[in-house]
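Take a look at the structure below.
Residue numbers (the working numbering): 2 to 219.
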């Protein structure tokens with residue numbers, strides 16, 4: 002399970018500090034697919050980063066009882082001067098994977114060809130996304146973090162992404178932040194809304210979407 006206990010997170014702005022998360026409490030069990038809904042700036046991405054350990058909370062803690070991916074598509078951890086192959090070798094070493102199998106998977110999945118031998122800093126954003134997505138899938142995490150379901154590339158590559166993540170790993174937990182209500186209905190079995198820095202939980206995904214889609218009363 003994953004347990005977020007009283008998470009607070011703020012950022013420095015030109016007018017002091019802006020508190021985004023104001024005491025978030027959330028639990029995600031194995032196999033659950035939890036949608037995180039919220040308006041732009043509500044803190045969806047911030048919460049995803051807290052769960053994944055990309056950022057640390059100001060207060061509170063995240064208890065991780067299962068292995069968790071970094072946010073899919075997040076490429077901030079790449080070393081730009083290293084090649085795609087070198088970054089894959091580094092990830093494989095950290096997670097105790099065989100580099101040969103990882104290399105084969107990366108080559109087949111990304112379809113980047115000889116570009117994998119070039120420094121990542123020379124990649125386009127789409128190429129970096131392909132590599133980041135492939136590296137996320139090369140490791141069999143218990144829970145995948147998805148900050149917007151953005152699948153890039155041609156139709157064949159998009160189908161490959163959907164198959165690898167949502168079909169082959171249908172038993173895994175997922176935390177999905179998205180504005181796409183159709184995707185949320187298809188993928189998730191639970192939903193929460195972030196509003197005013199707090200989490201509001203609902204019994205059903207449809208109920209959460211209805212509340213989220215209804216403008217607040219003046």
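Glycine included, C-beta positions come from ideal geometry on N, C-alpha and C.
Beta-carbon proximity of residue 135 to residue 106, cut-off 8 Å: In this structure, the beta-carbon distance from residue 135 to residue 106 falls below 8 Å.
CA-to-CA distance, residue 194 to residue 210, given in whole angstroms: 9 Å
Residue 71 vs residue 53 beta-carbon contact at 8 Å: yes
Cβ-based burial, residue 57 [other Cβ within 10 Å; buried from 16]: exposed
Opposing strand residues paired with residue 20 [DSSP bridges]: 11
Cα-Cα separation, residue 131 to residue 89: 12 Å
Neighbourhood of residue 144 by C-beta, 6 Å cutoff - its chain only, sequence neighbours within 5 removed: 67, 69, 174
Candidates 148, 198, 65: closest to residue 5 by CA position: 65
CA-to-CA distance, residue 208 to residue 81, given in whole angstroms: 44 Å
Option nearest residue 102 by Cα separation, candidates 23, 42, 202, 141: 141
Beta-carbon contacts of residue 189 that lie in its chain and below 8 Å, excluding the five residues immediately before and after: 34, 35, 36, 175, 177, 206
Beta-ladder partner(s) of residue 90, from DSSP: BP columns for residue 90 are empty, so no partner.
CB of residue 110 within 8 Å of CB of residue 73, strictly: no
Cβ-Cβ separation, residue 9 to residue 27 (assumed contact under 8 Å), whole Å: Not a contact, Cβ separation roughly 13 Å.
Nonlocal neighbours in the same chain, by C-beta distance under 6 Å from residue 148, ignoring five residues either side: Closer than 6 Å at Cβ, skipping near neighbours: 46, 49, 72, 178.
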